[in-house]
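Structure, as structure tokens:
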Amino acid sequence: MPPDAREPYDLAVIGAGPAGLAGAVTAAEHGLSVALLDSARQPGGQFYRHPAPATRAARPEALHHDWPAFADLRDRLKAGGVTCLFDHHVWTVAREAEDDWTIHALTEPPGDQQHSVRVRARAILLATGSYERQLPFPGWTLPGVVGAGGAQAMLKSGLVLPGRRVVVAGSGPLLLAVAGSLVTAGAEVPALVEASSYFRYTRHPRALAAQPRKLTEGAHHAEALLRHRVRPRTRHAVTEAHGTDRVEAVTVSRLDHEWHPIPGTERRIDCDALAVGHGLIPQIDLATALGCATRRTADGTHALALSPLQETSLRGLWSAGETSGVGGAQQAMAEGELAALAAASRLTGRRPAPLPHLRSLRRSRDRMNAFADAMAVTHAPGPGWTRWLTDETDVCRCEEVPAGRVREAVTEYGARDARSAKLLTRAGMGWCQGRVCGWAVSCLASSPDTAPTHAGAQTSAPDRRPLATPVPLGVLADLTSPDRQPASPPPASDLPPHPPTEGQPS
Numbered sequence: 001m002p003p004d005a006r007e008p009y010d011l012a013v014i015g016a017g018p019a020g021l022a023g024a025v026t027a028a029e030h031g032l033s034v035a036l037l038d039s040a041r042q043p044g045g046q047f048y049r050h051p052a053p054a055t056r057a058a059r060p061e062a063l064h065h066d067w068p069a070f071a072d073l074r075d076r077l078k079a080g081g082v083t084c085l086f087d088h089h090v091w092t093v094a095r096e097a098e099d100d101w102t103i104h105a106l107t108e109p110p111g112d113q114q115h116s117v118r119v120r121a122r123a124i125l126l127a128t129g130s131y132e133r134q135l136p137f138p139g140w141t142l143p144g145v146v147g148a149g150g151a152q153a154m155l156k157s158g159l160v161l162p163g164r165r166v167v168v169a170g171s172g173p174l175l176l177a178v179a180g181s182l183v184t185a186g187a188e189v190p191a192l193v194e195a196s197s198y199f200r201y202t203r204h205p206r207a208l209a210a211q212p213r214k215l216t217e218g219a220h221h222a223e224a225l226l227r228h229r230v231r232p233r234t235r236h237a238v239t240e241a242h243g244t245d246r247v248e249a250v251t252v253s254r255l256d257h258e259w260h261p262i263p264g265t266e267r268r269i270d271c272d273a274l275a276v277g278h279g280l281i282p283q284i285d286l287a288t289a290l291g292c293a294t295r296r297t298a299d300g301t302h303a304l305a306l307s308p309l310q311e312t313s314l315r316g317l318w319s320a321g322e323t324s325g326v327g328g329a330q331q332a333m334a335e336g337e338l339a340a341l342a343a344a345s346r347l348t349g350r351r352p353a354p355l356p357h358l359r360s361l362r363r364s365r366d367r368m369n370a371f372a373d374a375m376a377v378t379h380a381p382g383p384g385w386t387r388w389l390t391d392e393t394d395v396c397r398c399e400e401v402p403a404g405r406v407r408e409a410v411t412e413y414g415a416r417d418a419r420s421a422k423l424l425t426r427a428g429m430g431w432c433q434g435r436v437c438g439w440a441v442s443c444l445a446s447s448p449d450t451a452p453t454h455a456g457a458q459t460s461a462p463d464r465r466p467l468a469t470p471v472p473l474g475v476l477a478d479l480t481s482p483d484r485q486p487a488s489p490p491p492a493s494d495l496p497p498h499p500p501t502e503g504q505p506s
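Per the UniProt record's numbering, the sequence shown starts with residue 1, numbered consecutively.
Below, the structure written as structure tokens:
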């Protein structure tokens, strides 16, 4: 059984992806009592998402890049005495006093009803990752249209394909990985549609030279695509999806340098699925609810503003991974380790690692940050993407709010940001709480058609939502009741075992 919820842990880590795992095991190895919370039922996060045991996958690592890094963290997690609280959905974090934090989560143990859990800690490490950015277009609500990351998740966790003939579209390096995984798993990819140009990376020679590993990754994906005769179409975008009961074809248009579709360049491509995404958005709602300072990233999103040692503007709250900017798993691991070392130094009053190691870790982190900035600039959406939206195109899928209604809120009622547009149209009030439509609505509110020269990527500041996930009213009414015991963490033997070395995913 875990320690009583009334006794605080030294460090609570929220998120069991690369950053959270690195932070949790590092902190535990330096003598801290650590609780690791994640909404999934096993460690790995989105990047190292792997099949459930019921799938009986023989080689889950076959669909992952750099699996040994995850295997090392998983083994250290088993041996490190970390209290693993999986299937815990954190909905808010409260600061009671300095060195006194309370994490509120919902959990649903097998055979029981969902109930609330409170975990107390002296310090917190946020490693909540990111979610996909979607740019709506006519037909994007058809069955068979999935996020690029969603297609990757379907393949990694369920060993299923979104379709047999899958167009991969959007912008960002994730598209290469998704297309490569799909063709390797047996899907046909008739087109890889990239809205930006890979040649823009050449404007950042120092960042490229400092990250040869990234170039190797890119070459690996390119080799898989070349072997299956998949040729990327740069400066193109899917501007419409066609079909009745599900997607049957897409229209691909060439874009100018501001992402305006060029008339007369349309081409129709038959498919039975479309995997589309335009990069990732840091998931920082827990931090912004606390009032943490943010910064605007190079591609128009918002990330947390951090100190050189990964601390937010609130003392005792550290952050690592994509909450501070999207840069990949290796960057997340470096930041997680650095944050854990900083927290251990603060809490124990002694230096947990030699100075040369800390300096080396910071230099590595800074080099990867520079590459992440170059990547963000290269794939940043241009303001012209809103031109492929008709007034009838749903922007908010949950509340079925079309683009025309958002434009009306701007031109007729004076909306100038996502919040005012939400209050006037209900866009962002649905189940996803704006995670799917928020960025697009913000672009429309900040850059309406009446001012097309304004940079569409300059979105408004993120909302400060007190609740990060949907919460039953009974849980809110029960906040004054005594703390409840967290669900028992799985013993180390129940964590995912070593994968066999032979065989294929089945």
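Heads up, the beta-carbon is just placed ideally off N, CA and C, and yes, glycines get one too.
Using a 10 Å radius around the Cβ and a threshold of 16 neighbouring Cβ atoms, would you call residue i buried or exposed?
i, result
"Val160", "exposed"
"Glu392", "exposed"
"Leu479", "exposed"
"Leu290", "buried"
"Ser196", "buried"
"Ala334", "buried"
"Val13", "buried"
"Asp245", "exposed"
"Gly15", "buried"
"Asp366", "exposed"
"Gln113", "exposed"
"Thr294", "buried"
"Trp318", "buried"
"Glu98", "exposed"
"residue 516", "The question about residue 516 has no answer here: the residues shown for the chain are numbered 1 through 506."
"Pro496", "The pLDDT assigned to Pro496 is 41, lower than 50, so where the model puts this residue is not dependable; a value taken from the coordinates is nonetheless given after this. Burial call: buried."
Quick check on residue i: does DSSP put it in helix, strand or coil?
i, result
"Arg235", "coil"
"His379", "helix"
"Gln485", "Confidence at Gln485 is low in this model, with a pLDDT of 48, below 50, so the placement of that residue should be treated as unreliable; the coordinate-derived value is given next. In the structure shown, Gln485 sits in coil (DSSP, three-state: anything other than H, G, I, E or B)."
"Leu159", "coil"
"Ala191", "coil"
"Pro354", "coil"
"Gly170", "strand"
"Leu63", "helix"
"Arg346", "helix"
"Phe137", "coil"
"Val326", "coil"
"Gly129", "coil"
"Val183", "helix"
"Ala35", "strand"
"Thr390", "coil"
"Glu7", "coil"
In chain order, what residues of the same chain have a beta carbon less than 6 Å from the beta carbon of residue i, not counting five sequence neighbours either side?
i, result
"Tyr413", "Leu424"
"Thr469", "His89 and Trp91"
"Ala332", "Pro18, Ala19 and Gly321"
"Thr301", "Ile281"
"Val377", "Ala298"
When you compare only the Cα positions, how much space is there between residue i and residue j?
i, j, result
"Ala374", "Pro356", "27 Å"
"Leu341", "Pro51", "32 Å"
"Gln69", "Lys78", "The sequence given here has Ala at residue 69, not Gln. For Ala69 and Lys78, the distance between alpha carbons rounds to 15 Å."
"Ala370", "Leu126", "22 Å"
"Leu309", "Asp38", "23 Å"
"Pro462", "Ala58", "42 Å"
"Leu444", "Glu108", "38 Å"
"Pro212", "Phe47", "20 Å"
"Arg41", "Phe86", "5 Å"
"Gly23", "Ile281", "21 Å"
"Arg387", "Ala343", "47 Å"
"Gly336", "Thr128", "12 Å"
"Ala320", "Arg254", "37 Å"
"Asp75", "Gly17", "14 Å"
"Val326", "Val436", "17 Å"
"Val475", "Arg426", "25 Å"
"Ile103", "Asp285", "14 Å"
"Arg484", "Pro173", "Low per-residue confidence applies at Arg484: pLDDT is 48, beneath 50, and the placement is therefore not dependable, though the value from the model is reported in the following sentence. When rounded, the distance between both Cα atoms is 44 Å."
"Arg268", "Ser324", "39 Å"
Short of 7 Å in beta carbon distance, which residues of its chain neighbour residue i, apart from the five on each side in sequence? Order them along the chain.
i, result
"Leu175", "Ala148, Val168, Leu192 and Glu194"
"Pro402", "Asp391, Glu392, Thr393, Asp394 and Val395"
"Cys398", "Gly430, Trp431 and Cys432"
Short of 8 Å in beta carbon distance, which residues of its chain neighbour residue i, apart from the five on each side in sequence? Order them along the chain.
i, result
"Met154", "Val146, Val160, Leu161 and Pro162"
Task: Minimum length 4: unbroken alpha helix (DSSP H) runs contained in the region 199-277 - done: 205-209 and 212-227
Open item on the list: So within the region 404-479, which uninterrupted alpha helix (DSSP H) runs reach at least 4 residues, ignoring any that extend past its ends?
Closed with: Fully contained in the region 404-479 are the following alpha helix (DSSP H) runs of length 4 or more, in chain order: 418-425, 438-446 and 473-477.
Task: Any beta strand (DSSP E) of 3 or more consecutive residues that is wholly inside the region 67-128 - done: 83-86, 88-97, 100-107 and 115-126
Open item on the list: For a minimum of 4 consecutive residues, which ranges assigned as the alpha helix (DSSP H) are wholly contained in the region 283-329?
Closed with: 285-289
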